[in-house]
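Written below as structure tokens is the structure these notes are about.
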Amino acid sequence: MDKATPQRHDVATEILTHLLKNPNDFVSGNELGKSIGISRVSVWNALKSLSENGFKFQAIKNKGYRLESEPTHVNIHLLKAYMAEFKTSIPITVLEEIDSTNSEAQRQLASKDSPSLAVIALRQTKGRGRHGRTWHSQSSGNLYISFGFRPTFRSELLSSFTPYMAVHLCHMLNTEFNIPVFVKWPNDLILADKKVSGMLAEARIDIDHIYDLIFGIGLNITPPQEWPSEIKDKAIALGQKTKAPLSINKIAAAILKTGCAGFSNFTKQNSSQEFLQLWEKYDFLKDKNVQAYEGNDVTAGIARGISTDATLRLELPDGTIKKLVAGEVSLSKPIK
Ligand code: BTN
Numbered sequence: 081m082d083k084a085t086p087q088r089h090d091v092a093t094e095i096l097t098h099l100l101k102n103p104n105d106f107v108s109g110n111e112l113g114k115s116i117g118i119s120r121v122s123v124w125n126a127l128k129s130l131s132e133n134g135f136k137f138q139a140i141k142n143k144g145y146r147l148e149s150e151p152t153h154v155n156i157h158l159l160k161a162y163m164a165e166f167k168t169s170i171p172i173t174v175l176e177e178i179d180s181t182n183s184e185a186q187r188q189l190a191s192k193d194s195p196s197l198a199v200i201a202l203r204q205t206k207g208r209g210r211h212g213r214t215w216h217s218q219s220s221g222n223l224y225i226s227f228g229f230r231p232t233f234r235s236e237l238l239s240s241f242t243p244y245m246a247v248h249l250c251h252m253l254n255t256e257f258n259i260p261v262f263v264k265w266p267n268d269l270i271l272a273d274k275k276v277s278g279m280l281a282e283a284r285i286d287i288d289h290i291y292d293l294i295f296g297i298g299l300n301i302t303p304p305q306e307w308p309s310e311i312k313d314k315a316i317a318l319g320q321k322t323k324a325p326l327s328i329n330k331i332a333a334a335i336l337k338t339g340c341a342g343f344s345n346f347t348k349q350n351s352s353q354e355f356l357q358l359w360e361k362y363d364f365l366k367d368k369n370v371q372a373y374e375g376n377d378v379t380a381g382i383a384r385g386i387s388t389d390a391t392l393r394l395e396l397p398d399g400t401i402k403k404l405v406a407g408e409v410s411l412s413k414p415i416k
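For the sequence shown, counting from 1, position 116 maps to 196 in my numbering; every step adds exactly one.
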């Protein structure tokens, strides 16, 4: 079954789907009830329950209802309504709290048959980042999303998967939400020179087979009252740089759509030129002096974009190019 299509009795999703289709108009309770096949009283009850969960509706006698404002956290009904609008149909679970959405996606992939799935949590108690770091995940106004995929591509391609997904998510935030984010190799998103999003891909592989691939995204939307001290100078939230209120549910649905399309296109491996062009457009490190860390090795150079295999092209002081497969890069002072 298509999970994004409102199910027969998911009245709340059906009502929200109607209201999203008519954002500036009032839709009467009668019309809503008729199109869903329920009474006006049931419509009213559903709207009341949504109002208790952070939605605001404008109601005018003899005209009907209009969605005035959305909750600042992920709501399964609104998320599904946006997914229906975006024609996205990945099976989705939304949880109040979980250890890590990456762990949960892994568990679900192991116990279910579905070819792919996604998990969102309002909070994570053990959110993890790259290189064994913690991903602070207390607030429910941010996005913690993981996809579970069953790839058919070769394991050598795994290292280019996260940069590929990162640049497409970056493009989506720029074009669909008008947010000027950049991509920093290998897979961070940067806003106003600070990190707004990180991604973590985890796979179970053997020599010639990828069993499963979990791709997790953390995206800061609402700034906390106080950032944890170790990231306070480096982290930012989308809400700090946008004037109009952001719809966290619409962004989540757009991430689900972009993630599904990205996985499918990456599997087909027919868009390497487009990948390079997008990277060039959004490359935060382009022509900057950087320090590249690979384990204990540190190399200074100038970042000169990436190759089709997503390796970072680092120009060394002698003019040669060193290609980095994995690692961490930070901006440095110009090399004298
Ligand atoms: C990084 O270090 O930049 C990667 C951070 C990845 C965080 C996300 S939040 C959703 C998913 N679940 C996790 O435990 N981690 C990823």
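Note that CB positions come from ideal geometry on N, CA and C, so glycine has one too.
Practice task
For LYS416, I'd like the list of residues in its chain whose CB is within less than 8 Å of its CB, leaving aside the five on either flank, ordered along the chain.
Solution key: The sequence position of residue 416 within the sequence shown is 336, counting from 1. Confidence at LYS416 is low in this model, with a pLDDT of 46, below 50, so the placement of that residue should be treated as unreliable; the coordinate-derived value is given next. Around LYS416: no qualifying Cβ.
Handout entry: Beta-carbon proximity of ALA281 to THR242, cut-off 8 Å
Key = Within the sequence shown, the letter at position 201 stands for residue 281. Within the sequence shown, the letter at position 162 stands for residue 242. Taking 8 Å as the Cβ cut-off, ALA281 and THR242 qualify as a contacting pair.
Handout entry: Inter-residue CB distance, GLU423 and SER220 (contact presumed, cutoff 8 Å)
Key = Within the shown structure, residues of the chain are numbered from 81 to 416, placing residue 423 beyond reach of any answer.
Practice task
Determine, using beta-carbon pairs with one atom in the region 99-106 and one in the region 118-125, whether at least three such pairs fall under 8 Å.
Solution key: Three or more beta-carbon pairs separated by less than 8 Å are not found between the region 99-106 and the region 118-125, which leaves the two stretches without contact.
Handout entry: Selected residue, minimal CA-CA separation from ASP273, among TYR291, TRP307 and ALA315
Key = Position 193 of the sequence shown, counted from the start, is the residue given in the question as residue 273. When each option's Cα is compared against that of ASP273, the closest is ALA315.
Problem - Short Cβ contact (8 Å threshold) for LEU411 with ASN350 - result: The residue labelled residue 411 in the question sits at position 331 within the sequence shown. The residue labelled residue 350 in the question sits at position 270 within the sequence shown. It is not a contact, given that the beta carbons lie outside the stated cut-off.
Handout entry: Straight-line gap, TRP215 to GLY113 (C-alpha atoms, nearest Å)
Key = As a working note, residue 215 is residue 135 in the sequence shown. As a working note, residue 113 is residue 33 in the sequence shown. Each residue's alpha carbon lies about 43 Å from the other.
Exercise for the section: Select from ASN104, ILE285 and THR388 the residue whose C-alpha is nearest the C-alpha of PRO266. Expected result: Position 186 of the sequence shown, counted from the start, is the residue given in the question as residue 266. That would be THR388, whose Cα lies nearest to the Cα of PRO266.
Practice task
Could you spell out the range, first to last residue, of the beta strand (DSSP E) harbouring LYS128?
Solution key: Within the sequence shown, the letter at position 48 stands for residue 128. Per DSSP, LYS128 belongs to no beta strand (DSSP E); it is in the alpha helix (DSSP H), 120-131.
Problem - Whole-angstrom distance between GLU177 and VAL405, CA atom to CA atom - result: Position 325 of the sequence shown, counting from 1, holds the residue named residue 405. Position 97 of the sequence shown, counting from 1, holds the residue named residue 177. Take the alpha-carbon of VAL405 and the one of GLU177: they are about 34 Å apart.
Practice task
Could you check how far apart the C-beta atoms of VAL91 and ILE116 are, in whole angstroms? I think they sit under 8 Å.
Solution key: On the sequence shown, position 11 is the one that residue 91 refers to. On the sequence shown, position 36 is the one that residue 116 refers to. Confirmed, Cβ separation roughly 6 Å.
Practice task
Use the C-beta contact count for SER344: other C-beta atoms within 10 angstroms, 16 or more gives buried, fewer gives exposed.
Solution key: For the purposes of this step, residue 344 is identified with residue 264 of the sequence shown, where counting begins at 1. Label assigned to SER344: exposed.
Practice task
For the alpha helix (DSSP H) holding GLY339, just list the boundary residues, first then last.
Solution key: Sequence index remark: in the sequence shown, residue 339 carries index 259 (1-based). 328-348 is the span of the alpha helix (DSSP H), which, as asked, contains GLY339.
Problem - Short Cβ contact (8 Å threshold) for PRO355 with VAL247 - result: Position 275 of the sequence shown, counting from 1, holds the residue named residue 355. Position 167 of the sequence shown, counting from 1, holds the residue named residue 247. Going by the sequence as given, residue 355 is Phe instead of Pro. For PHE355 and VAL247, yes; Cβs fall inside 8 Å.
Practice task
Taking 8 Å as the threshold, find out whether the region 320-338 comes into contact with the region 283-302 through three or more Cβ pairs.
Solution key: Output reads yes: the region 283-302 touches the region 320-338.
Problem - CB contact flag (LYS264, LEU202, <8 Å) - result: The count along the sequence shown starts at 1 and reaches residue 264 at position 184. The count along the sequence shown starts at 1 and reaches residue 202 at position 122. Result no, Cβ atoms of LYS264 and LEU202 do not sit closer than 8 Å.
Exercise for the section: Can you have a look at ASN258 and say buried or exposed, based on whether 16 or more other CB atoms are within 10 angstroms of its CB? Expected result: Translated into the one-based positions of the sequence shown, residue 258 becomes position 178. Under a 10 Å Cβ-count criterion, ASN258 is classified as exposed, with fewer than 16 other Cβ atoms of the shown protein chains found around its own Cβ.
Problem - Selection from GLY134, SER119, THR168 and LYS312 that minimises the alpha carbon distance to ALA334 - result: As a first step, residue 334 is located in the sequence shown; it is residue number 254 there, counting from the start. Among GLY134, SER119, THR168 and LYS312, the Cα nearest to that of ALA334 belongs to THR168.
Handout entry: Inter-residue CB distance, GLN188 and VAL199 (contact presumed, cutoff 8 Å)
Key = What you label residue 188 is simply residue 108 of the sequence shown in a count that begins at 1. What you label residue 199 is simply residue 119 of the sequence shown in a count that begins at 1. Contact holds; Cβ gap of about 7 Å.
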